[in-house]
Structures are given as structure tokens and as C-alpha cells.
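My numbering applies: residue 56 is where the sequence shown begins, and numbers increase by one. Ideal Cβ placement from N, Cα and C applies to all residues, glycine included. Being a predicted model, the structure only gives us computed values, none of them experimental.
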Amino acid sequence: MNRRGALRRPCVAVAVALFFGCLALSADDPAAPPESAVAAEEQKAPAPQLFSGQVVYLKDALARRDIETSAETAEHVVLETDAGEIIPILADWRGRAFYQDEQLRNRKVDLIGFRHPGVPYLNVIAVYTFNEAGERTYTDYWCDVCSIPMYEIQPCECCQGAIRLRFQIQDLPEYVK
Ligand SMILES: [Zn+2]
Numbered sequence: 056m057n058r059r060g061a062l063r064r065p066c067v068a069v070a071v072a073l074f075f076g077c078l079a080l081s082a083d084d085p086a087a088p089p090e091s092a093v094a095a096e097e098q099k100a101p102a103p104q105l106f107s108g109q110v111v112y113l114k115d116a117l118a119r120r121d122i123e124t125s126a127e128t129a130e131h132v133v134l135e136t137d138a139g140e141i142i143p144i145l146a147d148w149r150g151r152a153f154y155q156d157e158q159l160r161n162r163k164v165d166l167i168g169f170r171h172p173g174v175p176y177l178n179v180i181a182v183y184t185f186n187e188a189g190e191r192t193y194t195d196y197w198c199d200v201c202s203i204p205m206y207e208i209q210p211c212e213c214c215q216g217a218i219r220l221r222f223q224i225q226d227l228p229e230y231v232k
């Protein structure tokens with residue numbers, strides 16, 4: 056079931072599917088992407104890896120290196136890794152939030168993701184931020200009414216109400232340690 060297909064189904068069906076999907080993910084692997092994303096990527100995606108650093112605007116990362124750029128690059132968002140590498144973030148189902156939400160930028164992050172061979176963009180599949188105590192928190196969006204997770208700023212897929220950024224203290228999954 057792809058994302059668009061899900062949105063065309065009745066609200067209740069979506070809520071039930073997402074609810075049980077969420078339970079399954081929480082019990083097993085909380086950092087796993089939704090089934091729709093897995094289905095689209097599983098045939099061709101390289102193994103996910105850990106990328107650590109800060110997500111910033113490309114213009115700021117370039118300015119720190121005294122590299123001039125024009126307005127066209129102003130909205131590009133990149134991961135500036137701890138080693139100083141600049142990796143552009145793909146604005147897909149998971150990476151788009153970094154373009155939308157300033158709360159996710161200019162802070163320490165651990166990202167699980169992958170890059171297709173020959174493509175510089177990082178496909179993000181899980182986002183971890185750190186709270187004031189330095190604890191790692193799995194970060195997504197949440198509707199308190201419907202109790203379903205989402206991954207970008209949007210009206211709730213079920214009730215159309217407001218959603219909020221959610222932080223859950225959590226260690227990295229074993230497969231990237
Ligand atoms: Zn809702």
C-alpha cells in the first residue's frame with residue numbers, strides 16, 4: 056500500500072493501519088520506516104548507515120568555507136557531518152521535515168539513511184536529536200488525538216488537526232552500531 060493509496064482510503068482504515076503499524080514498529084524496530092517507504096526502496100536501496108552532524112542551510116555551510124553562492128542555493132538543506140563533509144538532504148517523506156522545520160536544523164543529529172550509488176543526496180529514514188541533558192531522542196511528529204506518527208509538518212492524516220514534534224529518549228538501533 057503506497058502513501059497515496061493510503062490517503063484515498065477512509066480515515067478509519069488509515070488510522071487503524073497506522074496504529075497497528077506504529078505498535079509493530081515500537082515493539083520491534085522504532086527506527087524502521089513506514090511499510091510504504093520500505094516497499095519502494097527495498098529492491099534497490101543500499102544498506103542504511105549512521106550519519107552524524109548538524110543539518111544546516113547549504114548557504115551557511117558554504118559561507119563558513121568562504122565559498123560564494125547565489126540565491127538559487129539558499130533553500131538547500133545539508134548535513135554538515137562531524138568530519139566536515141557536506142551531504143545534501145533529499146526532501147522526500149522523511150528528509151522534507153528538515154526543509155520545513157527550523158527546530159530540526161542547527162542542532163546535533165544522528166541520521167540513519169543511505170545514498171544511492173552516484174547520487175550525493177542522503178535518503179533519511181530515521182531522525183535522532185539530543186535534548187538539553189544530551190540524551191538521544193528519536194524524533195518524529197505525533198497527533199495527540201489520533202495517536203499516530205507522521206514524518207513531516209502537515210495536518211494530521213486522520214483528523215486534519217495540528218500535529219507536534221515528538222521526542223522519545225532512545226538508543227540507536229543495533230544495525231547501525
Ligand atoms: Zn489526528
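Compare the Cα-Cα distances from residue i to each of the options and report the closest residue.
| i | options | result |
| --- | --- | --- |
| Q104 | I122, V132, G150, I180 | I180 |
| P143 | A116, E123, Q158, T124 | A116 |
| L220 | L134, A152, L145 | A152 |
| F185 | P204, Q223, P175, C201 | Q223 |
| Q155 | Y112, E135, A126 | Y112 |
| V174 | P228, E187, L145, T128 | L145 |
| T194 | D226, P210, Y176 | D226 |
| Y196 | N178, E187, A217 | A217 |
How should residue i be labelled, buried or exposed, when 16 other C-beta atoms within 10 angstroms of its C-beta is the threshold for buried?
| i | result |
| --- | --- |
| A68 | The predicted model places A68 with a pLDDT of 45, which falls under 50 and marks its position as unreliable; any figure quoted below should be read in that light. With fewer than 16 other Cβ atoms within 10 Å, it is exposed. |
| D121 | exposed |
| Q215 | exposed |
| A138 | exposed |
| G168 | buried |
| R119 | exposed |
| D199 | exposed |
| Y230 | exposed |
| P172 | exposed |
| P204 | buried |
| D165 | buried |
At the level of alpha carbons, what is the spacing between residue i and residue j?
| i | j | result |
| --- | --- | --- |
| D83 | I141 | In this prediction, D83 has a pLDDT of 49, which is less than 50 and means its spatial position is unreliable; nothing more can be read from the coordinates. |
| R191 | R160 | 16 Å |
| D147 | G189 | 28 Å |
| E212 | Q158 | 21 Å |
| K232 | L134 | 20 Å |
| T124 | S202 | 43 Å |
| Y183 | G150 | 12 Å |
> Residues with a Cβ closer than 6 Å to any heavy atom of ligand 1, in chain order?
Replying inline: C198, V200, C201, C211, C213, C214, G216
> Where in the segment 130-193 do unbroken runs of the beta strand (DSSP E), each at least 3 residues long, occur, reported from the N-terminal end onward?
Replying inline: 132-136, 141-143, 163-169, 178-185
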